[in-house]
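Be aware that the sequence shown starts at 151, since it is given in the working numbering, and climbs by one per residue. Beta carbons are placed, not taken as given, at the ideal position from N, Cα and C, and that holds for glycine.
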Amino acid sequence: MLVTTTHTVEGKKIIEYRGIVFGEVISGVDFVKDFSAGLRNFFGGRSGAYEGELIEAREMAIEEMVKRATVVGANAVVGIDIDYEVLGQGGNMLMVTASGTAVILEKN
């Protein structure tokens, strides 16, 4: 399935809109990652643990969105947007939401 942040696909015509689809993931950050990130924050540098968590959550949210697009019969999702939020007491939960418009593109 084609997934793009653009609202059109060059060389393809959207022949049907199937609606907005979403993929959501809420992920907890464990103590070890949190402690490691705290040290990085104090001493400087990138937090590989948090970056890995973000990447995994984003990929899972996109995968969930694609599954929902497939259910409605789409062969592409256009206008993708990814949002990140921190939830929970102490900010120890990460929510990633992927959304876009499920469409059917013409077949060439």
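- Looking at Ile-212, Met-245, Val-216, Met-243, the one whose alpha-carbon comes closest to that of Val-253 is Val-216.
- Here the C-alpha atom of Thr-251 lies approximately 14 Å from the C-alpha atom of Glu-214.
- For the pair Ala-207 and Val-227, the CB atoms are not nearer than the 8 Å cut-off.
- Secondary structure note for Thr-251: its beta strand (DSSP E) is the uninterrupted segment 243-255.
- Short of 8 Å from the beta carbon of Val-236, and not among the five residues preceding or following it, lie these beta carbons of its own chain, in chain order: Met-243, Leu-244, Met-245.
- Contact annotation, Val-171 with Arg-218: C-beta distance approximately 4 Å; criterion of less than 8 Å satisfied.
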